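Heads up: the protein sequence lines correspond to chains B and R, in order.
Sequential numbering from 3 applies to the first sequence in the working numbering.
Sequential numbering from 1423 applies to the second sequence in the working numbering.
Reviewing the structure listed below.
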Amino acid sequence: MTITLNGSPHEIADGTTLDQLVTVFSLPERGVALAMNSEVVPRSVWASTRVLLDARVEVVTAFQGG
Amino acid sequence: MTVTDMSSVAPVVSSVPDPFVIAGEELSSRLLLGTGGATSLTTLESAVRASGSALVTVAIRRVSLTAGDSVLAVLNRARVRLLPNTAGCYTAREAVLTAKLAREALGTTWVKLEVIADDKTLLPDAIELLDAAERLVDDGFTVLPYTNDDPVLARRLAGLGCAAIMPLGSPIGSGLGIRNPHAIEMICDAVDVPVVLDAGIGTASDAALAMELGCDAVLIASAVTRAENPAAMATAMKHAVIAGRLARTSGRIPVRRLARASSPTEGVVVG
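This is the structure we're talking about:
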C-alpha cells in the first residue's frame, strides 16, 4: 500500500506497524517523534499501531533553529 | 611612592542573589541562545560554550535520511536545557502539533511558541498566537511565546498562563536592535512573568539596552551564529547581558540637562 512519509510517497507492506516502519527506513530511534495523520503517536504504542492506508506519516527531530 | 598591590585587594562581588527563574526553574544565565544560522556544529558548540547559556533553542524538522552528527549530540555535550521552537508555523494548528512532536521527541514540556504571519517579515500573527498559547497552556505546556512589542498582547498572553513573554526588538535576523524601547519598558511593567527580549539584537549594546530597559533575559541567535567570530560574539553578549542587568539593578543616576561637577567646587587654585 502507499503512504506518504515526510512528504514523499512510499510503498510498504500491508499491516506494517510504526516500529517496523522506523526500522525499514533506518530512522533514528532517539530524539525523534512521529505523527500519523496529524496526531502524535507516542513511542510506547508504535509496536501495536499499524500504518493506515494512505497515511501521512511525519517523523521529526531537532535541528538548528533560532 | 607606593603603589597599591591590587592582587591583595579582595574583589568586590555583589552578594545580592539575583536568580533568573522561569516556571519555577532557576536558569544560571540570562542569555538564551538560538542555534539557527551557525555554519557548522563545531562553530555552534564553541559559541554555546562561550555564551554560558543554560537554555538553547532548537527547531523541529523532518528527519533527514542522510543525517550526520546531530545538534542534539552537541547540545547534550554542552549540558544545556533544550527549548524547542515552533518556527515555520503559520497557524495555531501547525504550532500545536509541532509543540506536541517536540514534547515527544525531546521529553520537555517547554516550548518557544512562534506563529508567524508571512516569511518576509516573520512577524508574529497575534490571533493565531493567542489561540495556540491557550491550547498549549491547557495541555500542560510551559509556553514562552515570541510576540510583538505590544504591551496589551503581552498582558493577554500572560493572562492565559504563559511562563514568560518574549517580545521582539525588531524583525528576526535583522540586527536592527530595539526599535521601540518604550514599548519594551511598558511590557516589562505590564506582566508579572519574566520578559525575554527576542529577535532583532545586532550587537552587544542592544543586549545591554534590553536588560537596562527591564527585561529579565535576552534570546539571541543570528547576532551570534552569523557573526564573523561566533564564539567571541557569544562572549560579548554574555558580558553585555550581565552588564545591562547590573546597571538596571544598581540605580542609575538621573538624566540632567546641564553639567554637575564631580570634583570639589571649593579650594580651586586661582591663577
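Every residue gets a Cβ at the ideal spot worked out from N, C-alpha and C, and that includes glycine.
Nothing here was measured: the structure is a model prediction, and the numbers come from that model.
Interface flag, residue i vs chain B, CB-CB below 8 angstroms
i	result
asparagine 1570/R	no
valine 1533/R	no
methionine 1423/R	Interpretation of methionine 1423/R is limited by its pLDDT of 47, a score under 50 that renders its predicted location unreliable; the figure taken from the coordinates is listed afterwards. Chain B, which has no Cβ nearer than 8 angstroms to the Cβ of methionine 1423/R, makes this no.
valine 1559/R	no
lysine 1542/R	no
threonine 1479/R	yes
isoleucine 1606/R	no
serine 1473/R	no
glycine 1583/R	no
threonine 1457/R	yes
alanine 1527/R	yes
proline 1506/R	yes
alanine 1517/R	no
leucine 1551/R	no
alanine 1469/R	no
Neighbour-count burial assignment, residue i, 16 or more Cβ in a 10 Å radius
i	result
glycine 1673/R	exposed
arginine 1667/R	buried
serine 1462/R	exposed
asparagine 1507/R	buried
aspartate 1611/R	exposed
aspartate 1620/R	buried
serine 50/B	exposed
threonine 1520/R	buried
threonine 25/B	exposed
Whole-angstrom C-beta distance between residue j and residue i, which should lie under 8 angstroms
i	j	result
alanine 1548/R	leucine 1535/R	12 angstroms between Cβ atoms; not a contact.
arginine 1578/R	serine 1592/R	Rounded, the Cβ-Cβ distance is 22 angstroms, inconsistent with contact.
proline 1616/R	isoleucine 1444/R	6 angstroms
valine 1502/R	serine 1475/R	6 angstroms
alanine 1643/R	glycine 33/B	Contact doesn't hold; Cβ gap of about 21 angstroms is too wide.
valine 1663/R	methionine 1633/R	6 angstroms
isoleucine 14/B	valine 43/B	Contact doesn't hold; Cβ gap of about 16 angstroms is too wide.
threonine 1479/R	glycine 1456/R	5 angstroms
Any C-beta of chain R under 8 angstroms from that of residue i
i	result
serine 40/B	yes
threonine 19/B	no
proline 11/B	no
leucine 29/B	yes
alanine 35/B	yes
alanine 64/B	yes
Bridge partner(s) assigned by DSSP for residue i
i	result
tryptophan 1532/R	Thr1564/R
proline 1589/R	Thr1569/R
phenylalanine 27/B	Bridge partners of phenylalanine 27/B: none, in fact.
serine 1451/R	Partner(s): none; serine 1451/R has no beta bridge.
alanine 1445/R	Paired residue(s): none; alanine 1445/R is not in a bridge.
proline 11/B	Thr6/B
methionine 38/B	Glu41/B and Val59/B
aspartate 1620/R	Leu1641/R
arginine 1501/R	None, per the DSSP bridge assignment.
glutamine 66/B	Val1480/R
Chain R contact residues for residue i, given Cβ-Cβ distances below 8 angstroms
i	result
alanine 49/B	Going along chain R, no residue has its Cβ under 8 angstroms from alanine 49/B, so there is no contact; the nearest lies around 16 angstroms.
valine 61/B	Arg1484 and Val1485
beta-carbon residue i near the ligand COA non-hydrogen atom, thresh 7 angstroms
i	result
arginine 1525/R	In the structure on display, the ligand COA does not appear, and there are no ligands present to speak of.
Within chain B, the residues that residue i reaches when beta carbons sit closer than 9 angstroms
i	result
serine 1644/R	Gly68
isoleucine 1594/R	Gly68
Cross-chain neighbours of residue i in chain R, by beta carbon under 7 angstroms
i	result
alanine 57/B	Ordered by position in chain R, no residue passes the 7 angstroms Cβ test against alanine 57/B, which lies about 15 angstroms from the chain.
Contacts of residue i in chain B (Cβ-Cβ under 8 angstroms)
i	result
valine 1493/R	Ala64, Phe65 and Gln66
alanine 1509/R	Gly67 and Gly68
alanine 1460/R	Gln66
leucine 1466/R	Gln66
Interface residues of chain B facing residue i [CB-CB closer than 7 angstroms]
i	result
lysine 1522/R	Val42
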